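First residue of the sequence shown: 0, per numbering that gives the first Met the number 0; consecutive thereafter.
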Amino acid sequence: MISIKHFKATNILFKQFKILSHRLHSEVRVRFAPSPTGQLHLGGLRTALYNYLFAKSKKGKFLLRIEDTDQTRLVSGATKLLIDDLLWAGINIDEGPNFGGNYGPYIQSERLHIYKENMRKLLENGSAYHCFCTERRLEMLRKEAMRTRQIPRYDNKCRHLSPQKVMQLLGKGTPSCIRFKLTSHEDPLQDLIYGPVQHNVSENEGDPVILKSDEYPTYHFANVVDDHLMGITHVFRGVEWQISTTKHLLLYKAFGWQPPQYGHLPLLVNADGTKLSKRQGDIGILHFRNKGYSPIALLNYIVSAGGGFTRDQFAKPQIYNIDELAAQFNIENVNSHPSRLNPELLDAFNRLELIRLINNESTLPILIDHVKNLIKETYPNEQNLDLNTAHIEYVLRWSSKRITFLKELTSAKLSFLWVKPSNFSTKDISTAQIEKLRDVLQSLEFSKDNLSNAIKLFAVKEELNFALLMKNLRSILSGLKEGPGVAEMMDILGKDVVVQRLENMLQNEQLQKTKAIR
Ligand code: GLU
Numbered sequence: 000m001i002s003i004k005h006f007k008a009t010n011i012l013f014k015q016f017k018i019l020s021h022r023l024h025s026e027v028r029v030r031f032a033p034s035p036t037g038q039l040h041l042g043g044l045r046t047a048l049y050n051y052l053f054a055k056s057k058k059g060k061f062l063l064r065i066e067d068t069d070q071t072r073l074v075s076g077a078t079k080l081l082i083d084d085l086l087w088a089g090i091n092i093d094e095g096p097n098f099g100g101n102y103g104p105y106i107q108s109e110r111l112h113i114y115k116e117n118m119r120k121l122l123e124n125g126s127a128y129h130c131f132c133t134e135r136r137l138e139m140l141r142k143e144a145m146r147t148r149q150i151p152r153y154d155n156k157c158r159h160l161s162p163q164k165v166m167q168l169l170g171k172g173t174p175s176c177i178r179f180k181l182t183s184h185e186d187p188l189q190d191l192i193y194g195p196v197q198h199n200v201s202e203n204e205g206d207p208v209i210l211k212s213d214e215y216p217t218y219h220f221a222n223v224v225d226d227h228l229m230g231i232t233h234v235f236r237g238v239e240w241q242i243s244t245t246k247h248l249l250l251y252k253a254f255g256w257q258p259p260q261y262g263h264l265p266l267l268v269n270a271d272g273t274k275l276s277k278r279q280g281d282i283g284i285l286h287f288r289n290k291g292y293s294p295i296a297l298l299n300y301i302v303s304a305g306g307g308f309t310r311d312q313f314a315k316p317q318i319y320n321i322d323e324l325a326a327q328f329n330i331e332n333v334n335s336h337p338s339r340l341n342p343e344l345l346d347a348f349n350r351l352e353l354i355r356l357i358n359n360e361s362t363l364p365i366l367i368d369h370v371k372n373l374i375k376e377t378y379p380n381e382q383n384l385d386l387n388t389a390h391i392e393y394v395l396r397w398s399s400k401r402i403t404f405l406k407e408l409t410s411a412k413l414s415f416l417w418v419k420p421s422n423f424s425t426k427d428i429s430t431a432q433i434e435k436l437r438d439v440l441q442s443l444e445f446s447k448d449n450l451s452n453a454i455k456l457f458a459v460k461e462e463l464n465f466a467l468l469m470k471n472l473r474s475i476l477s478g479l480k481e482g483p484g485v486a487e488m489m490d491i492l493g494k495d496v497v498v499q500r501l502e503n504m505l506q507n508e509q510l511q512k513t514k515a516i517r
C-alpha cells in the first residue's frame, strides 16, 4: 500500500516535473475566460490573479477571452465592467478584445465559423453525432430519472442512428444539435494543484451537447477549441470546473491535440468556512472599489487566503505590489484546502498601503491630488476651502496609522480641516490675549497633551474662564460649536494652520471692536 507521505512526495515530484517539462517546450500562455453574465467578484479576480501571477512568474502571456456562447445569460455592459475591474486591479492584459494579439477574435460569439469548421472534424472522424431528440423527449427522460431516483442523463439514443437516417432527417430540416461521444477515461487527471484526480465521465453522464440547435457551441467545446488554437499552455480555474475537465481531455483526444496542463483553484470561503455567496452582495469588486479599498490591498487579501507563497502566516502582515507578488509566486505552494478570507486583514492591508503611499515621494503628490478632489467633491459649494498642499500633506502624515480609508479625511467630524472658519464668536477673549496665546503656541512642541496643558495654564494666567476660552478657541479654529476637543483639533490642524487661523482672526476687523472681559 502507498503511504500518504509517499503519495505526497511523488505528487510534489510529479508537479515539479510537469511544470518543468512544459517550460522546456514553449512560452507560458494562460487565459482568464469569464462569461459576461455579471460583474467581476472576488472568486473571478482570484482566478484572474493566479493566472496572471503564474504567467508573470514564468515570463509568459496573460490572455483575456470572453466566453459569451450562452446568449440567454448575457448582461449588457458586463464585458466593459469586467475589463475595467481587471485593469483597476493592475492585471495587464497581453492579448484580448481590443488589446491586440495574433490569436483573435477573443470574443467567442465572433468565432462561430471557427467552431463550425472544427465541429466538422469531429463529425467526420466519428467522435460526434447529430441528435434529433426533442425537448419533450429529454424532459421525459429527466422525469423518469427523478421517479426512479437516478441522476438524469441523456441515454445516447441518437448515437445509433444510421447515416441514411441522419441524412434523411437533416434533409427534412429536422431541428438538431450535435453531441460528443464520451468514451471511457481511465487515466486520472493530473491536476497541478490537486494531484491525480479520477473521474470517469462516461460512467456518470450521457453524451454532452457541443453545438446547440441555435448553432452556438456549448462551453465545453468552445473552451477546448479556443484553448488549443490560442496556444494556452496552462489552465488555472475554479475547482467547480474540475468535474468537466475529463470531458475536455476526451475532446482533446478526439481531435488528436495535446491538452494544456490544468490546475484547479480550491474554493474561496468566508473566515468561518462557509461558501461565499453572490447574494451576500459584498463580494463584487465594485463594492470594494466604492468602499475605498486600494487594488493592492485587495490583491494581498486574496493571496493571503489562497496560498502560493512561502510565508509565515503568523508573521505581521506585509504588503506587496503585483510585481513583487509575481516574483515570489510559486504554483507548487498553492494547496487544495479551501482558501479562507480574513476580512480583518483586508483593512490592515489598506492601512499598510496608505502608509506606503504617504511615505513614497513619487506617490505622495498623487495622494495629495486625490485628497484635494475628495475635498472639492465633499464641499462643492464652499468658497473658503483650505487646499494648501503643505496642509494636506501634514494631515496625511498625521492620519497614517489612524485611518483605513482616505475618504475618512472628509468625514463631517473633520470638516474643520478643510473649511476655513468665517464666522467666529470671540466675545470672551481680547485681541491681546489671542496674540499672547499665539506666541505661546508658536514655541510649543505640538502634541495633544502638551496643548491641553498649555491652554489650561494660559487660562489660569490670564484669569479666563476655561470653558469660555475653549468655546472661543473652537470658534476661531473651526467656526463650529461642536467637534473634537480643542487640543485634539489643534494637534490635527498642526502648528502652521493653528497660528494662521489665529492670525486670520486677529486681522478680522470685527475683533477690534470686541471688548475684553476680565
Ligand atoms: N467561462 C467560464 C467561467 O465563466 C470559464 C471556465 C474556464 O476557465 O474554463 O468561469
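The C-beta atom is built at its ideal place from N, Cα and C for all residues, glycine as well. All figures in this text were calculated on a predicted structure; none of them were measured in a lab.
Residues bridged to residue i [DSSP beta-bridge criterion]
i      : result
TYR261 : VAL234
LYS274 : VAL268
GLY99  : GLY95
PHE31  : LEU63
ARG339 : VAL268
GLN241 : Its beta-bridge partners do not exist; DSSP assigns none.
LEU384 : VAL418
VAL196 : LEU188
Spatial distance of residue i from residue j (CA atoms)
i      : j      : result
TYR105 : LEU168 : 35 Å
GLU434 : ARG288 : 47 Å
GLU26  : LEU285 : 33 Å
VAL224 : HIS390 : 59 Å
CYS176 : LEU41  : 35 Å
LYS400 : GLU502 : 31 Å
ARG500 : ILE475 : 7 Å
PHE61  : GLN382 : 48 Å
ARG30  : ARG473 : 59 Å
THR409 : LYS290 : 14 Å
VAL268 : GLU239 : 13 Å
PRO316 : GLN327 : 15 Å
Sequence-distant residues of the same chain with beta carbon closer than 6 Å to residue i, five excluded per side
i      : result
LEU356 : THR362, LEU366
MET489 : LEU450, VAL497
ASN334 : GLY306
LEU39  : LEU81, ASP84, ILE284
ASP385 : TRP417, LYS419
SER108 : ASP67
LYS494 : PHE445
ARG141 : PRO151
GLY518 : No statement about residue 518 is possible, as the shown extent of the chain runs from 0 to 517 and does not include it.
ALA32  : ARG64, GLU66
Burial state of residue i (16 or more Cβ within 10 Å)
i      : result
HIS184 : buried
ASN299 : buried
GLY526 : Residue 526 falls outside the range modelled here, since the chain spans only 0 to 517, and no answer is possible.
PHE465 : exposed
MET166 : exposed
ASN50  : buried
LEU395 : buried
ASP322 : exposed
ARG236 : buried
HIS112 : exposed
HIS263 : buried
ARG110 : buried
ALA431 : exposed
ALA314 : exposed
VAL459 : exposed
Residue i (DSSP reduced to helix, strand or coil)
i      : result
ARG64  : coil
GLY255 : coil
ILE106 : strand
LYS17  : Residue placement at LYS17 is poorly supported in this model, since its pLDDT is 47, which falls under 50; the coordinates still yield a value, given next. Reduced to three states, the DSSP call for LYS17 is helix.
ALA127 : strand
CYS176 : strand
PHE6   : The predicted model places PHE6 with a pLDDT of 42, which falls under 50 and marks its position as unreliable, so this point remains unresolved.
HIS40  : strand
ASP190 : strand
Min CB distance residue i to chain D below 8 Å
i      : result
GLU407 : Chain labels in this structure do not include chain D; a single protein chain is all it has.
Nonlocal neighbours in the same chain, by C-beta distance under 8 Å from residue i, ignoring five residues either side
i      : result
ASN329 : SER56, GLY307, PHE308, THR309
GLN441 : LYS494, VAL498
7 Å CB neighbourhood of residue i in its chain, flanking five on each side removed
i      : result
HIS21  : Because HIS21 sits at a pLDDT of 45, beneath the cut-off of 50, its placement in the model cannot be relied upon, and the point is left open.
PHE415 : LEU476, SER477, LEU479, GLY482, MET488
ASP206 : TYR153, ASN155, ARG158, ARG178, PHE179, LYS180, LEU181
VAL74  : PRO35, THR36, GLY37
THR403 : ASP346, ASN349, ARG350
PRO187 : PRO195, VAL196, GLN197
PHE457 : LEU436, VAL439
GLU352 : SER293, ILE295, ALA296, ILE318
Contact test: residue i Cβ vs the ligand NAD heavy atom, cutoff 7 Å
i      : result
VAL333 : Absence of the ligand NAD from the depicted structure is noted, with the ligand GLU being the only ligands included.
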